[in-house]
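Line by line, the protein sequences are chains A and B.
Note that my numbering has the first sequence beginning at 1, numbered continuously upward.
Note that my numbering has the second sequence beginning at 1001, numbered continuously upward.
Just so it is clear, CB atoms sit at the ideal spot from N, CA and C, and this is done for glycine as well.
Computed from a prediction, not measured in an experiment: that's the story for all the values here.
Contents: one structure, followed by commentary.
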Amino acid sequence: MKRRLFLASSLASLGLAGCGRVKESLTNGPFRGALLSTEKLNGKLIGTHGLAREYRDADVDRDFRVNGLATPSDSAYTSLAKDGFRGYRLVVDGLAERPQKLSLAELRAAGTKTQITRHDCVEGWSAIGKWNGVPLGTVIAMAQPKSNARYCVFHCFDRDDGGQLYYESLDLGQAAHPQTILALDLNDKPLDNDHGAPVRLKIPTQLGYKSAKWVSRIELVADLKPIGGGTGGYWEDQGYEWYAGI
Amino acid sequence: MTSEAVYRHSIAARTTHWLWTLAMLVLVMSGLQIFNAAPYLDASDKSNPARRVLAFDAQDGSPPTGYTIVFGHRFTTTHLFGYTDDGMGAETARAFPGWLTLPGPQSLADGRRWHLFFAWALFIAWVAYLISAAIRGTLREFVIRPSDFPKLLPMQLYYLRLRKEPPPHGTYNPLQKLAYTVVLFGMFPLLMLTGLTLSPAVDAAFPWLTALFGGRQFARTWHFTLMVLLIGYFCTHLVLVVSTGIWNNIRSMITGWYVLGKHDGVGP
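Encoded structure:
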């Protein structure tokens, strides 16, 4: 009888879960497909509506928590840092009619906006920072995306112990959200090296790992599959969701 | 003594009952996995150690010590909480042990995947059950009404063996009605809503909801508290399943048929 089967399978799953030893095969098999479609569904249902709450100066965490990969220590980064990032150019290229190479002065001249927003880490903690920077939409518009561009990929200076470079991506809708900015300052001071100097992404409507630090290049692409592990970001390649609004 | 059998639980009620039993188990275990990534709860919007309700900690040493800190009071809980099973046969600094989390070893990404999938399972079971109960009319049998309130104390006295007979009631007694109403219309929706407010995109779309719970970290604290309360309900439920005719109760939740007898209306 069907219900006996159902009960037996429920009890089997209970037993399996109860041991806390759920086999890889279960997580990576058809079950993984169901879990992945849930992530897509969540992304479609929630999307990019509304504005993240903005706070008062008094709410700011002066000592903003540092998390993520270690501050880059290779010469490509340290030589730029030593010079106060005077030689830094943010490259915006890929599927762009007018690829850009922007200095920090040019970025500031494009018009900055300040937001005091909460940073929600996927680990569960939250911190409030005062971020000042250029709306990402402004910078993308300067590069004039070609009609087949769908995503912007953020290539970063930081790498993990295995040498894998950090990267992240957003679709152009998420990039155009008014609170999605390329931050230059944190708490009224230029970003320090540990917080992603000289330019980092800040997107308060998604979890912290989307807010890539130490951005060196923004690439406009039609498809995320050819990049990195193919899932759209460093943490995404380790099993985290690409849509991090949840 | 009568042994008349009644068809009490519809196929929809039985299916959803076992579905949310499974969903709750996976949600608790994967939730503890997620909790382990930031093993503390604050009664505030952002993380704030000054408003810490619960925390777990480990201290180096030989052997290392695990601590559970509740409202600033520190308890040594080595091997159980704080410094415990890593899910791979050894021990490590970790809030909840591997045998309580899903998956066992530390994996926030997998924990989130299980949690968000079974959150949908719970939601669907909840909606399906309420619709079927409304159609069948059983909703009326277990939703508490003002006329049940005066009977709550006599019923509790009966359970405590301080009264010989339970107060007169329908299919379910007033305490059962109170429990079912609170779980189905209070705790389940609150559990889902507090869970949703942990999502930054939901916070942006419905900021009033997050504010209602006192902010994001406070919502996380409520979410955890509701889990503890539901486990409390589950334990009470199990005690009553066992003490009021375990086989009759379990059979009725599998086949639907419940044999009336001396425990009728005082069950789980």
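List, in order along the chain, the chain B residues whose C-beta lies closer than 7 angstroms to that of A:Trp125?
Here residue 125 of chain A refers to the residue found at position 125 of the first sequence. Simply Ala1038, Ser1047.
For A:Lys225, name the three-state secondary structure that DSSP assigns.
Residue mapping note: residue 225 of chain A aligns to position 225 of the first sequence, counting from 1. Here A:Lys225 sits in coil by DSSP.
Just the C-alpha distance for A:Lys34 and A:Leu207, rounded to the nearest angstrom, thanks.
Against the first sequence, residue 34 of chain A aligns to sequence position 34. Against the first sequence, residue 207 of chain A aligns to sequence position 207. It is worth fixing the name first, because residue 34 of chain A is Ala in this sequence and not Lys. A:Ala34 and A:Leu207 have their C-alpha atoms some 22 angstroms from each other.
Between which residues of its own chain and A:Tyr77 is the CB-CB distance below 6 angstroms, once the five residues before and five after are set aside?
On the first sequence, residue 77 of chain A is found 77 positions in, with the first residue counted as 1. Excluding residues within five positions, the ones whose Cβ falls inside 6 angstroms are Phe157.
List the endpoints of the continuous alpha helix (DSSP H) containing B:Pro1174.
The residue you call residue 1174 of chain B lines up with position 174 of the second sequence. Element bounds for B:Pro1174: 1174-1182.
Is the beta carbon of A:Gly232 closer than 8 angstroms to that of A:Ile46?
Taking the first sequence and counting its residues from 1, the one referred to as residue 46 of chain A is at position 46. Taking the first sequence and counting its residues from 1, the one referred to as residue 232 of chain A is at position 232. In this structure, A:Gly232 does not lie closer than 8 angstroms to A:Ile46 by Cβ.
Going along the chain, which residues of the region 196-214 of chain A sit with their C-beta nearer than 8 angstroms to a C-beta in chain B?
Those residues of the region 196-214 of chain A that come within reach of chain B (Cβ to Cβ, closer than 8 angstroms) are Pro204, Thr205, Gln206, Leu207.
When the cut-off is 8 angstroms and only beta carbons count, does A:Leu170 lie next to chain B?
As a working mapping, residue 170 of chain A is identified with position 170 in the first sequence. When Cβ-Cβ separations below 8 angstroms define contact, A:Leu170 makes no contact with chain B.
Taking C-alpha atoms, which residue in A:Asp61, A:Arg89, A:Ala96 lies nearest to A:Ala105?
If you number the first sequence from 1, residue 105 of chain A lands on position 105. A check of alpha carbon separations from A:Ala105 across A:Asp61, A:Arg89, A:Ala96 identifies A:Arg89 as the nearest.
Mind checking who A:Ile218 pairs with in its DSSP beta bridge?
Taking the first sequence and counting its residues from 1, one reaches residue 218 of chain A at position 218. A:Val92, A:Phe154.
Quick one: residues in its chain with C-beta nearer than 8 angstroms to the C-beta of B:Thr1194, no 5 flanking neighbours on either side, listed in chain order?
By 1-based counting over the second sequence, the position of residue 1194 of chain B is 194. Short of 8 angstroms from the beta carbon of B:Thr1194, and not among the five residues preceding or following it, lie these beta carbons of its own chain, in chain order: Phe1213, Ala1219, Arg1220, Trp1222, His1223, Leu1226.
Expressed to the nearest angstrom, what Euclidean distance is found between the alpha-carbon atoms of A:Arg62 and A:Pro72?
Against the first sequence, residue 62 of chain A aligns to sequence position 62. Against the first sequence, residue 72 of chain A aligns to sequence position 72. For A:Arg62 and A:Pro72, the gap between their C-alpha atoms comes out near 23 angstroms.
By Cβ distance, which residues of its chain are closer than 7 angstroms to B:Phe1188, with the 5 residues on each side in sequence left out?
Counting from 1 along the second sequence, the entry for residue 1188 of chain B is found at position 188. Counting only residues of its own chain and dropping the five nearest sequence neighbours on each side, B:Phe1188 has a CB closer than 7 angstroms to the CB of Trp1126.
Which chain B residues sit within Cβ distance under 7 angstroms of A:Leu51?
Start at 1 with the first residue of the first sequence, and residue 51 of chain A comes out as number 51. Here the neighbours are Ala1204.
Are the beta-carbon atoms belonging to A:Arg98 and A:Ala143 less than 8 angstroms from one another?
Position 98 of the first sequence, counted from the first residue, corresponds to residue 98 of chain A. Position 143 of the first sequence, counted from the first residue, corresponds to residue 143 of chain A. In this structure, A:Ala143 lies closer than 8 angstroms to A:Arg98 by Cβ.
Interface partners of A:Tyr240 on chain B, CB under 7 angstroms:
In the first sequence, the residue the question calls residue 240 of chain A occupies position 240. Within chain B, the residues near A:Tyr240 are Ala1109.
Determine the closest residue to B:Ala1201 out of A:Ala81, A:Thr117, A:Leu107, A:Lys82, with distance taken between C-alpha atoms.
Residue 1201 of chain B sits at position 201 when you count from the first residue of the second sequence. Taking only the C-alpha atoms, the option nearest B:Ala1201 is A:Thr117.
Would you mind sorting B:Pro1174 into buried or exposed? The rule is 16 or more other CB atoms within 10 Å of its CB.
The residue you call residue 1174 of chain B lines up with position 174 of the second sequence. By the C-beta density criterion, B:Pro1174 is buried, having at least 16 other C-beta atoms within 10 angstroms.
For B:Pro1063, three-class secondary structure by DSSP
As a working mapping, residue 1063 of chain B is identified with position 63 in the second sequence. Reduced to three states, the DSSP call for B:Pro1063 is coil.
Using CA coordinates, which residue listed in A:Ser169, A:Ala175, A:Ala127 is at the minimum distance from A:Ala141?
Working through the first sequence from its first residue, we reach residue 141 of chain A at position 141. Distance from the Cα of A:Ala141 is smallest, within the candidate group A:Ser169, A:Ala175, A:Ala127, for A:Ala175.
Thinking C-beta only, is A:Asp188 closer than 8 angstroms to A:Gly133?
Counting from 1 along the first sequence, the entry for residue 133 of chain A is found at position 133. Counting from 1 along the first sequence, the entry for residue 188 of chain A is found at position 188. For A:Gly133 and A:Asp188, no; Cβs fall outside 8 angstroms.
N- and C-terminal bounds of the alpha helix (DSSP H) containing B:Leu1153
Taking the second sequence and counting its residues from 1, one reaches residue 1153 of chain B at position 153. Following the DSSP letters along the chain, one finds B:Leu1153 inside the alpha helix (DSSP H) bounded by residues 1149-1159.
By how many angstroms is the C-alpha of A:Pro226 removed from the C-alpha of A:Gly94?
As a working note, residue 94 of chain A is residue 94 in the first sequence. As a working note, residue 226 of chain A is residue 226 in the first sequence. In a straight line, the C-alpha of A:Gly94 is about 13 angstroms away from that of A:Pro226.
Quick check on the burial criterion: 16 or more other C-beta atoms within 10 angstroms. Buried or exposed for B:Leu1153?
Reading the second sequence from its first residue, position 153 is the one you call residue 1153 of chain B. When all chains shown are included, B:Leu1153 counts as exposed.
Among the residues of its own chain, which have a CB less than 6 angstroms from the CB of A:Ala212, if the five just before and after it don't count?
Walking along the first sequence from the start, residue 212 of chain A turns up at place 212. So the qualifying residues of the chain are Phe154, Cys156, Glu168, Leu201.
Are the CB atoms of B:Arg1094 and B:Asn1048 within a distance shorter than 8 angstroms?
Against the second sequence, residue 1048 of chain B aligns to sequence position 48. Against the second sequence, residue 1094 of chain B aligns to sequence position 94. B:Arg1094 sits away from B:Asn1048, with the two beta carbons spaced by 8 angstroms or more.
When you check each C-beta in the region 1189-1203 of chain B against every C-beta of chain A, which residues fall closer than 7 angstroms?
Result list: Ser1199, Pro1200, Ala1201, Val1202, Asp1203.
Can you give the Cα-Cα distance for A:Thr38 and B:Phe1117, rounded to whole angstroms?
Position 38 of the first sequence, counted from the start, is the residue given in the question as residue 38 of chain A. Position 117 of the second sequence, counted from the start, is the residue given in the question as residue 1117 of chain B. Roughly 6 angstroms between the two C-alpha positions.
Decide if B:Ala1055 is buried, meaning its Cβ has at least 16 other Cβ atoms within 10 Å, or exposed.
As a first step, residue 1055 of chain B must be located in the second sequence, where it is residue number 55. Burial call: buried.
Contacts of B:Arg1094 in chain A (Cβ-Cβ under 8 angstroms)
Counting from 1 along the second sequence, the entry for residue 1094 of chain B is found at position 94. Residues of chain A passing the Cβ test: none, with the nearest at roughly 13 angstroms.
Proximity below 8 angstroms, CB of A:Leu220 to CB of A:Pro145:
For the purposes of this step, residue 220 of chain A is taken as residue 220 along the first sequence, with counting starting at 1. For the purposes of this step, residue 145 of chain A is taken as residue 145 along the first sequence, with counting starting at 1. Against a cut-off of 8 angstroms, the Cβ pair of A:Pro145 and A:Leu220 comes out as a contact.
Residue span of the alpha helix (DSSP H) that contains B:Ile1254, given as start and end:
Position 254 of the second sequence, counting from 1, holds the residue named residue 1254 of chain B. Segment 1246-1254, the alpha helix (DSSP H) holding B:Ile1254.
With DSSP as the reference, identify every bridge partner of A:Lys101, one or two as the case may be.
Along the first sequence, one-based indexing puts residue 101 of chain A at 101. Note: A:Lys101 sits in a beta bridge opposite A:Val91.
Starting from B:Ser1243 and walking both ways along the alpha helix (DSSP H), at which residues does that stretch end?
Numbered from 1 along the second sequence, position 243 holds the residue referred to as residue 1243 of chain B. Start and end: 1216-1243.
Which residues in the same chain have their Cβ closer than 7 angstroms to the Cβ of B:Tyr1007, if we skip the five residues on either side of it in sequence?
Here residue 1007 of chain B refers to the residue found at position 7 of the second sequence. Only Gly1256, Trp1257 meet the Cβ criterion.
Please classify B:Leu1160 as buried or exposed, where buried requires at least 16 neighbouring CB atoms within 10 angstroms.
Translated into positions along the second sequence, residue 1160 of chain B becomes position 160. Label assigned to B:Leu1160: exposed.
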